[in-house]
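Residue numbers (UniProt numbering): 1 to 348.
Everything below concerns the one structure shown next.
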């Protein structure tokens with residue numbers, strides 16, 4: 001039975017110009033791109049970076065100077081409820097991208113994933129409820145679907161916790177839904193499929209393959225399971241999806257929206273394409289360190305984003321090949337500046 005739509009207590013913002021916007025996880029891959037784009041739209045942006053003793057704010061350190069001077073960078077941790085309560089005061093829109101995301105690490109540190117991905121979100125939702133934030137956008141992941149039972153994958157597909165990481169994100173999504181339904185909160189859930197592009201962690205498949213292809217000291221390209229298939233979306237399009245869900249008037253709160261290209265590619269084919277685009281050929285080896293446990297591997301991810309497209313008008317614009325060309329240029333520039341770790345042992 002269809003449940004009635006949730007009507008927010010605060011009206012949505014028509015656009016981001018002069019809007020007070022908080023981005024958590026702003027120091028990361030997608031978060032830094034979203035922060036940069038929000039500043040360009042004229043938003044009053046607060047960017048939360050995870051505190052560390054190295055005085056680094058991640059990829060925010062690499063944003064253009066004219067962008068950095070127009071945003072407020074705060075160091076902290078979403079696990080600290082009192083800090084989050086202060087942080088959300090006077091914010092209108094909150095994009096929550098703060099999360100632990102490494103799937104391999106989740107096998108050995110499951111509790112930390114719950115603390116950040118679930119309890120951290122609860123802190124944000126409680127603070128947003130107190131301060132009457134106009135909209136919270138929770139970042140989900142296509143990993144919550146596990147291995148596809150039917151393709152393409154719509155939002156009604158069963159959720160399967162095939163890793164501690166995906167289980168923590170399922171818990172977070174359910175909590176976002178619970179707050180929307182229990183307290184009539186304007187909580188939107190965006191479920192991006194595999195985003196790629198400049199600034200992505202070297203642990204992700206496209207960066208790790210590219211780094212090995214371009215590294216003159218790497219005789220081979222070591223990868224995990226090349227028979228799996230993924231739906232890749234260029235980061236510029238994923239950011240556009242965040243912007244769309246953050247201000248669209250007809251969003252169903254508490255219900256997730258898929259955002260993907262709707263086109264799949266096997267990892268083996270992807271490796272071949274990257275070698276063709278870089279004009280380099282190297283032997284490919286399977287690295288057992290990059291293999292998931294058999295019952296944990298997700299075989300196929302392919303998005304059905306029809307609901308999101310209808311609700312917002314969003315469409316991915318950057319084709320896979322063009323996005324890869326841009327990403328290759330980014331990695332060539334990093335090699336030219338000697339900004340790449342040559343030791344591959346950290347990539348798991």
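Idealized CB from N, CA, C, for every residue including glycine.
Owing to the predicted nature of the structure, the values given are computational and were not obtained by experimental measurement.
Check                                                                                                                             : Outcome
Classification of residue 212 by the beta-carbon crowding that lies within 10 angstroms, buried from 16 upward                    : buried
Start-to-end residues for the alpha helix (DSSP H) that takes in residue 173                                                      : 164-183
Contiguous alpha helix (DSSP H) assignments of at least 4 residues, all confined to the region 262-294                            : 267-278
Exposure label - residue 27; buried when at least 16 CB within 10 Å                                                               : buried
DSSP three-state assignment for residue 347, whether helix, strand or coil                                                        : Residue placement at residue 347 is flagged as unreliable, the pLDDT there being 46, under the threshold of 50; a coordinate-derived value is accordingly withheld.
Identified DSSP bridge partners for residue 46                                                                                    : 22 and 72
Neighbourhood of residue 161 by C-beta, 7 Å cutoff - its chain only, sequence neighbours within 5 removed                         : 167 and 170
Test item: CB-CB of residue 196 and residue 189 under 9 Å                                                                         : no
Chain-order list of residues whose beta-carbon lies under 6 Å from that of residue 283 (same chain, five-residue window excluded) : 220
Inter-residue Cα distance where the pair is residue 241 and residue 143                                                           : 18 Å
Three-state secondary structure assigned by DSSP to residue 8                                                                     : Note that residue 8 has pLDDT 48, beneath the 50 cutoff, so the model's placement of it is unreliable and the number below is only indicative. DSSP places residue 8 in coil when its eight states are reduced to three.
Own chain partners of residue 299 with C-beta closer than 6 Å, once the 5 adjacent residues on each side are dropped              : 147 and 228
Close Cβ partners of residue 21 (< 6 Å) along its chain, the five nearest in sequence each way excluded                           : 38, 43, 45 and 93
Reference residue 331; option with closest CA among 209, 121 and 238                                                              : 209
Cβ shell of residue 71 (< 6 Å), same chain only, five flanking positions each side left out                                       : 39, 45 and 47
Unbroken alpha helix (DSSP H) run spanning residue 121, endpoints                                                                 : 120-131
Close-in-space but distant-in-sequence residues of the same chain around residue 328 (CB under 7 Å, 5 per side omitted)           : 210, 277 and 278
Pick from 25, 246, 230 and 164 that is closest to residue 271, judged by C-alpha positions                                        : 230
Distance, residue 112 Cα to residue 99 Cα                                                                                         : 10 Å
Proximal residues to residue 251 (C-beta, below 7 Å), its chain only, five neighbours per side dropped                            : 188, 245 and 311
Residue nearest to residue 176 in terms of C-alpha spacing, selected from 50, 165 and 135                                         : 135
Residues sharing a beta bridge with residue 300, DSSP                                                                             : 229
Distance between residue 214 and residue 336 (C-alpha atoms, nearest Å)                                                           : 11 Å
Through-space distance from residue 200 to residue 340, alpha-carbon basis                                                        : 13 Å
Whole-angstrom distance between residue 163 and residue 105, CA atom to CA atom                                                   : 10 Å
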